[in-house]
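Protein chains in written order, with my numbering: chain G, 4 to 391; chain C, 62 to 232.
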């Protein structure tokens, strides 16, 4: 099986790998919408969705009722509804851009996955090899560049709908996303200043960031959230704004814009916008994990290689150092952190009230941007003094 | 494979660029500009200049064209009937003619222009360190001049966007 895979043409291998990752991300987006409803119910003290069930599962005693209360079948019901609902095209819309917008939403969301590493395995010599679709040196810059194209789906959807509220949503989206991109980019520069010691070949690779956080010693093993809390905070706030999550969901704020840019959308096109939003959240939370939460290292100051070494020392079993086991373990640790990140997104959404639009702009330009510049200057001077 | 990709991206760039000029609808033109920039980024990737490719996407495709669209939508700029040729200023006509002539000449003589030897040309766009080093040594003066230009533009924006009504506003 493994040999057969490696005999295939590299292009086919890449396509298979890409499909595998998309097959994980796409359903995760659907499950996230379910999780959102359950988490919001939990935070507000409601039972949440607990009715839908497939008849023959309801016949199983205890387990059937338990699954019903869990609300798992609402995912299927939602998906089915989106697929089979009438896909209405309102009159007066610009058809080409109206249909293009949801597609444009999906493309950047799924393209950024290629440059995000999601796990690692040990080769025979104890070196940690990252797992990912493409481990490029430009790493984070590629993620920023491609995900910045996501704004077009919102602008186009708003404009093509030929309706007041979506249009306002689209205009808000374009201003908001560009404003917060600045602070976001500035906030991660200290991380790369610290990683790229003078004299070495410069890199912006996300895998290198994780490698840097898994060195021995106190400073080597510390995650960047401890060394650079301000950077992490600015990045996180900008991430909320870039993914249009509350308290920053200006483009769709239901209270004043009906549904914002997707007011005129329905059925599967609407669903695509939502899968794209959740995919952006998954990628954003993944990038935050890689940059500030140590990637696939289980705990601060305990790297993946340490953990495997201990497990191997205790049990002495050969399968523990097998690349397949280490790979799955590291992917599990990474996904655990990403899922916690997504939970954090939801936690904030159901806790903090929505900002007003002028407050969003003021926070972005008058507070976060100066803070990000000051943070960069302080770290630049500090790193220059330390590494001298 | 790389050659095919290069040609595909080159074709995409040229067709999209033609679309920018020929489209009456300003939104269509901006979208063509976006497509053209993505094509240029693809060309850079085909030439192993990954840094330039992603910077182009980040700055131009991600932010500047989005601002163009923002303005176009805000002003609701519909396409206008093009002005008859005798109403265009003479200088503009001469400039356009000269640009087209230069473009055509360079297109037909491109085989005979001496191009630098690829093997000895340093690949500046391929590595972050090399790129940054060049920026702060050989090309320091252009970088400084561009910095001043941007500073002046920034001051201009502040002056234009702030309403000065009396001496109290300056304090």
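Just so it is clear, CB atoms sit at the ideal spot from N, CA and C, and this is done for glycine as well.
Minimum C-alpha distance to residue i - residue among the options
i	options	result
residue 360 (chain G)	G:232, G:249, G:149, G:189	G:249
residue 191 (chain G)	G:131, G:21, G:293	G:293
residue 90 (chain G)	G:217, G:270, G:377	G:270
residue 261 (chain G)	G:77, G:171, G:358	G:171
residue 165 (chain G)	G:264, G:221, G:231	G:264
residue 274 (chain G)	G:223, G:283, G:33, G:28	G:33
residue 24 (chain G)	G:301, G:327, G:356, G:120	G:120
residue 71 (chain C)	C:170, C:116, C:101	C:101
residue 302 (chain G)	G:73, G:227, G:373	G:227
residue 113 (chain G)	G:26, G:371, G:321	G:26
residue 362 (chain G)	G:287, G:148, G:179	G:179
residue 95 (chain G)	G:122, G:183, G:59, G:163	G:163
residue 181 (chain G)	G:372, G:230, G:87, G:141	G:372
residue 222 (chain G)	G:74, G:102, G:197	G:197
residue 128 (chain C)	G:105, G:83, G:154	G:154
residue 345 (chain G)	G:377, G:378, G:243, G:386	G:243
Test: residue i CB closer than 8 Å to a CB of chain G
i	result
residue 224 (chain C)	no
residue 108 (chain C)	no
residue 134 (chain C)	yes
residue 122 (chain C)	yes
residue 26 (chain C)	Nothing about residue 26 (chain C) can be reported from this structure: the residues present for chain C run from 62 to 232 only.
residue 197 (chain C)	no
residue 200 (chain C)	no
residue 159 (chain C)	no
residue 104 (chain C)	no
residue 190 (chain C)	yes
residue 70 (chain C)	no
residue 67 (chain C)	no
residue 118 (chain C)	yes
residue 130 (chain C)	yes
residue 221 (chain C)	no
residue 115 (chain C)	yes
Distance, residue j Cα to residue i Cα
i	j	result
residue 50 (chain G)	residue 71 (chain G)	12 Å
residue 268 (chain G)	residue 74 (chain C)	32 Å
residue 279 (chain G)	residue 16 (chain G)	25 Å
residue 94 (chain C)	residue 124 (chain C)	13 Å
residue 3 (chain G)	residue 108 (chain G)	Beyond the ends of chain G as shown, which are 4 and 391, falls residue 3 (chain G); an answer cannot be given.
residue 254 (chain G)	residue 188 (chain G)	21 Å
residue 199 (chain G)	residue 349 (chain G)	34 Å
residue 234 (chain C)	residue 337 (chain G)	Because chain C is modelled from 62 through 232, residue 234 (chain C) falls outside the range shown and cannot be assessed.
residue 297 (chain G)	residue 289 (chain G)	11 Å
residue 168 (chain G)	residue 96 (chain C)	27 Å
residue 190 (chain C)	residue 114 (chain C)	16 Å
residue 163 (chain C)	residue 152 (chain C)	16 Å
residue 36 (chain G)	residue 74 (chain G)	12 Å
residue 147 (chain G)	residue 246 (chain G)	12 Å
residue 158 (chain G)	residue 311 (chain G)	48 Å
residue 133 (chain G)	residue 266 (chain G)	42 Å
residue 199 (chain C)	residue 159 (chain C)	32 Å
residue 48 (chain G)	residue 343 (chain G)	20 Å
residue 325 (chain G)	residue 206 (chain G)	29 Å
Proximity test, Cβ basis, 8 Å: residue i and chain C
i	result
residue 279 (chain G)	no
residue 207 (chain G)	yes
residue 191 (chain G)	no
residue 154 (chain G)	yes
residue 198 (chain G)	no
residue 324 (chain G)	no
residue 108 (chain G)	no
residue 102 (chain G)	no
residue 286 (chain G)	no
residue 158 (chain G)	yes
Partner residues on chain B for residue i, Cβ-Cβ distance less than 7 Å
i	result
residue 162 (chain G)	In summary, chain B is missing from the structure at hand, where the protein chains are G and C.
Residue i Cβ short of 7 Å to the ligand ATP heavy atom set
i	result
residue 358 (chain G)	The ligand ATP is absent from the structure shown, which contains no ligand whatsoever.
Could you name each continuous alpha helix (DSSP H) segment of 4 residues or more that falls completely within the region 207 to 280 of chain G, going from the start of the chain to the end? 209 to 215, 221 to 224, 227 to 230, 232 to 245, 257 to 260
Those runs of the beta strand (DSSP E) which lie wholly inside the region 99 to 159 of chain G and span at least 3 residues: The qualifying runs are 122 to 125, 131 to 134.
Using a Cβ cut-off of 9 Å, which residues of the region 234 to 267 of chain G contact any Cβ in chain C, in chain order? none
Got a sec: which bits of the region 138 to 152 of chain G sit with their beta carbon under 8 Å from any beta carbon on chain C, in order along the chain? 139, 140, 141, 144, 145, 147, 148, 149, 151, 152
Against chain C, which members of the region 212 to 226 of chain G pass a CB distance test of less than 9 Å? none
Report the residue ranges of all alpha helix (DSSP H) runs contained in full by the region 62 to 95 of chain G; include only those spanning at least 4 residues, in chain order. The region 62 to 95 of chain G contains these whole alpha helix (DSSP H) runs: 66 to 73, 76 to 87.
Any residues in the region 16 to 30 of chain G with a beta carbon nearer than 7 Å to a beta carbon of chain C? Which ones, in chain order? none
Extract the residue ranges of the alpha helix (DSSP H) inside the region 73 to 109 of chain C, only unbroken runs of 4 or more that lie entirely within it. 87 to 107
If you measure beta-carbon to beta-carbon, which residues of the region 170 to 182 of chain G are closer than 8 Å to chain C? 170, 173, 174, 177, 178, 180, 181
Can you pull out the residues from the region 344 to 375 of chain G whose beta carbon lies closer than 9 Å to at least one beta carbon of chain C? none
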